[in-house]
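Worksheet for the structure shown next.
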Amino acid sequence: MVEKRTVAFHKPRLDGELRVPGDKSISHRAIMLGSIAKGRTNISGFLEGEDCLRTLEIFKQLGVSIERSGTDVSIDSPGMAEWKTPADALYAGNSGTTARLMLGILAGSSVESVLTGDEYLSKRPMKRVTVPLLSMGASIAAEGPDSDLLPLRIKGMASLRAIDYQMPVASAQVKSAILFAGLQAEGTVTVSEETVSRDHTERMLQQFGVDLQRDGNSVSLKGGQSLAGTDVLVPGDISSAAFFMVAAAMIPDSEVVFVDVGLNPTRTGILDVLEAMGAQIEYIEEKGQQGEPYGTVRISHAALRGTEIGGDMIPRLIDELPTLALLATQAEGRTVIKDAEELRVKETDRIKAVTTELKKLGASIEETEDGMIIEGPTSLTGGTLSSYGDHRLGMMAAIAALAASDAITIEDPACIAISYPSFFEDLEKLTGSEDAE
Ligand code: S3P
Numbered sequence: 043m044v045e046k047r048t049v050a051f052h053k054p055r056l057d058g059e060l061r062v063p064g065d066k067s068i069s070h071r072a073i074m075l076g077s078i079a080k081g082r083t084n085i086s087g088f089l090e091g092e093d094c095l096r097t098l099e100i101f102k103q104l105g106v107s108i109e110r111s112g113t114d115v116s117i118d119s120p121g122m123a124e125w126k127t128p129a130d131a132l133y134a135g136n137s138g139t140t141a142r143l144m145l146g147i148l149a150g151s152s153v154e155s156v157l158t159g160d161e162y163l164s165k166r167p168m169k170r171v172t173v174p175l176l177s178m179g180a181s182i183a184a185e186g187p188d189s190d191l192l193p194l195r196i197k198g199m200a201s202l203r204a205i206d207y208q209m210p211v212a213s214a215q216v217k218s219a220i221l222f223a224g225l226q227a228e229g230t231v232t233v234s235e236e237t238v239s240r241d242h243t244e245r246m247l248q249q250f251g252v253d254l255q256r257d258g259n260s261v262s263l264k265g266g267q268s269l270a271g272t273d274v275l276v277p278g279d280i281s282s283a284a285f286f287m288v289a290a291a292m293i294p295d296s297e298v299v300f301v302d303v304g305l306n307p308t309r310t311g312i313l314d315v316l317e318a319m320g321a322q323i324e325y326i327e328e329k330g331q332q333g334e335p336y337g338t339v340r341i342s343h344a345a346l347r348g349t350e351i352g353g354d355m356i357p358r359l360i361d362e363l364p365t366l367a368l369l370a371t372q373a374e375g376r377t378v379i380k381d382a383e384e385l386r387v388k389e390t391d392r393i394k395a396v397t398t399e400l401k402k403l404g405a406s407i408e409e410t411e412d413g414m415i416i417e418g419p420t421s422l423t424g425g426t427l428s429s430y431g432d433h434r435l436g437m438m439a440a441i442a443a444l445a446a447s448d449a450i451t452i453e454d455p456a457c458i459a460i461s462y463p464s465f466f467e468d469l470e471k472l473t474g475s476e477d478a479e
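Per our numbering: the sequence shown = residues 43 to 479.
Spelled out as structure tokens, the structure:
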């Protein structure tokens, strides 16, 4: 039986301060680089979500000593050359970031391993990473019939060839996998992308002592460099905050202050779009530590208008598009989301899923090949929405309940813990109401 949760509000209003859990992308990379590096790494603000815990468990299986107490993690690593061959398969769960980045890391390690994932991840394409890695001389072979899919067996080759790679898709996961493999390459690896994707890997590599060159949309690093353990502070995840940013912008009389949320410019597309749609945004404080900017931002409701989202903006808000589509149903006029075909290979086909689910509530939304077209404003009814096992779809459904005239029942809401385990507590805190069960 599918687990369900019903969310209902009567004339809601969001108000208060929110500190969202740590950034998922940065948490993964902190565990990865702390384990590749020799010595001690202390992480604070680590995201205790299921995806990041999968990454942490994988490195324990590789013999890295990792202690976690809530959001504090300390890693004592002997360095990558001393990792142990794992007794069992390495399980990435639902996490595409774990799987794709681990492929790059394991390709240049000295261990042999098999990487597996859950039913959803096992359907997601891995060739975007394995093709460039194989051209570097990596040994990666499918255990099943389809060479694009997990499970994959990786025989670590302590040395790889350097490549100069032009990425066909703007993907931080692909870029990161090649840069991680590049640490074990003979020569200089260069990765170029048409549109810059999130750059947490580049920033954190530098923090661990790697000499790396950035030139426009290209990044290069020389293989053979050693990494030294360091302290990493993980700011709040703007992709988690995005659900409540959208809610604050959408619901009349709302005002929410987001404290210490990540403001890396490769991730702040959501703020630019909210502003373009007419929401009120105030930057209260901006800080930067160890290469990752973060700060405090206030978002308040205002009359909203439709907008166009496409081009270079897409990688800067790729994970926020489901909830922005919901917001567009409440804005005056037409919103066009285009150039976002990557949404089709996320945890689920997010173009199809968002369109199908919002239509159930009466939204005027049409699927296109590379996005969605939404006409607003429409009044939304209640209904039963599926999460498709996709955390961001589950949270979109809960936020839709704030605008809907009736209760929304979310099927399989447990997946929300993948990136935001305290989501429902924060929803209750900001609305001051207990959602109905
Ligand atoms: C991520 C990159 C993005 C994003 C994902 C996390 C990362 O995927 O959607 O949630 O941490 O590198 P792509 O690189 O495939 O666009």
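Beta carbons are placed, not taken as given, at the ideal position from N, Cα and C, and that holds for glycine.
C-alpha distance - residue i paired with residue j, whole-angstrom precision
i           : j           : result
residue 484 : residue 89  : An answer regarding residue 484 cannot be provided, because it is not within the stretch 43 to 479 covered by the chain.
residue 97  : residue 117 : 13 Å
residue 447 : residue 181 : 55 Å
residue 128 : residue 121 : 16 Å
residue 370 : residue 377 : 6 Å
residue 318 : residue 347 : 8 Å
residue 451 : residue 427 : 6 Å
residue 123 : residue 151 : 7 Å
residue 440 : residue 399 : 12 Å
residue 506 : residue 416 : This structure leaves residue 506 out entirely; the chain is present only between 43 and 479.
residue 146 : residue 445 : 43 Å
residue 65  : residue 72  : 10 Å
residue 205 : residue 197 : 19 Å
residue 438 : residue 301 : 22 Å
residue 556 : residue 105 : Residue 556 is absent from the model: the chain starts at 43 and stops at 479.
residue 160 : residue 138 : 10 Å
residue 48  : residue 425 : 10 Å
residue 386 : residue 130 : 31 Å
residue 185 : residue 194 : 6 Å
residue 401 : residue 91  : 30 Å
Residue i - partner residues in DSSP beta bridges
i           : result
residue 208 : 234
residue 414 : 379 and 409
residue 197 : 154 and 181
residue 217 : Answer by DSSP bridge pairing: none, since residue 217 is not bridged.
residue 86  : 275
residue 109 : 116
residue 248 : Residue 248 pairs with nothing; no bridge assigned.
residue 80  : 120 and 270
residue 203 : 228
residue 264 : 230
Exposure label - residue i; buried when at least 16 CB within 10 Å
i           : result
residue 325 : exposed
residue 43  : exposed
residue 52  : exposed
residue 455 : buried
residue 83  : buried
residue 208 : exposed
residue 79  : buried
residue 277 : buried
residue 334 : buried
residue 364 : buried
residue 291 : buried
residue 352 : exposed
residue 255 : exposed
Proximity test, residue i beta-carbon vs ligand 1 heavy atom, cut-off 7 Å
i           : result
residue 214 : yes
residue 70  : yes
residue 388 : yes
residue 205 : no
residue 309 : no
residue 240 : yes
residue 177 : no
residue 384 : yes
residue 410 : no
residue 67  : yes
residue 429 : no
residue 139 : yes
residue 361 : yes
residue 282 : no
residue 234 : no
residue 77  : no
residue 218 : yes
Exercise for the section: May I ask you to verify whether the segment 281-297 touches the segment 334-352, counting CB pairs closer than 8 Å and requiring at least 3? Expected result: Yes, since at least three Cβ pairs between the segment 281-297 and the segment 334-352 fall closer than 8 Å, the two stretches touch.
Problem - the segment 464-475 contacting the segment 50-69, beta-carbon criterion three pairs below 8 Å - result: The segment 464-475 is in contact with the segment 50-69.
Handout entry: Stretch pair the segment 252-272 + the segment 296-310: three plus CB contacts closer than 8 Å
Key = Contact between the segment 252-272 and the segment 296-310 is absent: fewer than 3 CB-CB pairs across the two stretches fall below 8 Å.
Handout entry: Validate contact between the segment 235-248 and the segment 408-415 using beta carbons, cut 8 Å, 3 pairs
Key = No contact exists between the segment 235-248 and the segment 408-415.
Practice task
Could you tell me whether the segment 169-181 touches the segment 246-263, where touching means 3 or more Cβ pairs closer than 8 Å?
Solution key: With a cut-off of 8 Å, the segment 246-263 and the segment 169-181 do not count as touching, because too few Cβ pairs lie within range.
Practice task
Tell me, please, whether the segment 304-316 touches the segment 347-362 by the rule of three or more beta-carbon pairs shorter than 8 Å.
Solution key: The segment 304-316 vs the segment 347-362: in contact.
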